[in-house]
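**Student:** Next up is a structure, given as structure tokens.
Residue numbers (our numbering), protein chains in the order written: chain A, 64 to 204; chain F, 36 to 103.
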């Protein structure tokens, strides 16, 4: 793409800082997701004793914390418009999580759905955040 | 908010990428400001005014809002 044109694109070719921050987020998120699956499987299949499970949960928590801190660093260092888009998408995802989560909880209490399906609420939040970012990029293009 | 960014940039023969580089923002930010879709933060508005050697009032028209 010719960088001298005035077409409304440009985030993909964003600053190097954004790219390295994205790499950092992806790396920690991978470790977090991998440890989450490993610990979940371990609990289900009874691979570990209580101490092992506890260590796994703590490890998963630390990877999650590292992911959150990496994302916070990205938000602090990124371009101000990008930050606005990300924060608006996060607010949307939080709203979906809160409203969807409480509705699901009501259904769960009434016995209409099981507790295991609650993970769908988190999936909905992640999807909403991603869609929110895409909408934001289009809106400001 | 309407502004004179595009005209001033063109007068200096700068591309959006050139201006974005000088302002240390993304090209999409420059594009969004020029189109009036995004109002810059106060620190960024001051950086823009410094680069063009003008006051913020000369660059931005607070009485207009051409967001679409």
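By construction, the Cβ of each residue, glycine as well, lies at the ideal position given by its N, Cα and C atoms. From a predicted model like this one, the values you see are computed outputs, not experimental measurements.
1. So the alpha helix (DSSP H) residue 81 of chain A belongs to, where does it begin and stop?
2. Looking at the structure shown, is residue 53 of chain F part of a helix, part of a strand, or coil, going by DSSP?
3. Mind the definition here: the region 118-126 of chain A touches the region 149-157 of chain A only if three or more C-beta pairs lie below 8 Å; say whether that holds.
4. Does residue 84 of chain F come within less than 8 Å of chain A when only Cβ atoms are used?
5. Which chain A residues are close to residue 94 of chain F, counting only those with a beta carbon under 9 Å from its beta carbon?
6. Just the C-alpha distance for residue 79 of chain F and residue 191 of chain A, rounded to the nearest angstrom, thanks.
7. Ignore the nearest five residues each way along the sequence and tell me which others in residue 39 of chain F's own chain have a CB closer than 7 Å to its CB.
8. With 16 as the cutoff for other CB atoms within 10 Å, does residue 142 of chain A come out buried or exposed?
9. Residue range of the alpha helix (DSSP H) that residue 98 of chain F falls in?
**Tutor:** Answer, in terms of the structure:
1. Stepping through the first chain from its first residue, residue 81 of chain A is reached at position 18. Residue 81 of chain A -> alpha helix (DSSP H) spans 79-108.
2. Taking the first residue of the second chain as 1, we reach residue 53 of chain F at position 18. Note: residue 53 of chain F maps to helix in three-state DSSP.
3. no
4. Within the second chain, numbered from 1, the residue matching residue 84 of chain F stands at position 49. No, because no Cβ of chain A sits closer than 8 Å to the Cβ of residue 84 of chain F.
5. As a working mapping, residue 94 of chain F is identified with position 59 in the second chain. By Cβ distance, chain A contributes nothing, its closest Cβ being about 17 Å from residue 94 of chain F, past 9 Å.
6. As a working mapping, residue 79 of chain F is identified with position 44 in the second chain. As a working mapping, residue 191 of chain A is identified with position 128 in the first chain. One C-alpha to the other measures close to 29 Å.
7. Looking up residue 39 of chain F in the second chain gives position 4. The residues are 94.
8. Reading the first chain from its first residue, position 79 is the one you call residue 142 of chain A. So residue 142 of chain A ends up on the buried side.
9. Along the second chain, read from residue 1 onward, the residue named residue 98 of chain F stands at position 63. Residue 98 of chain F -> no alpha helix (DSSP H), and no H or E assigned at all.
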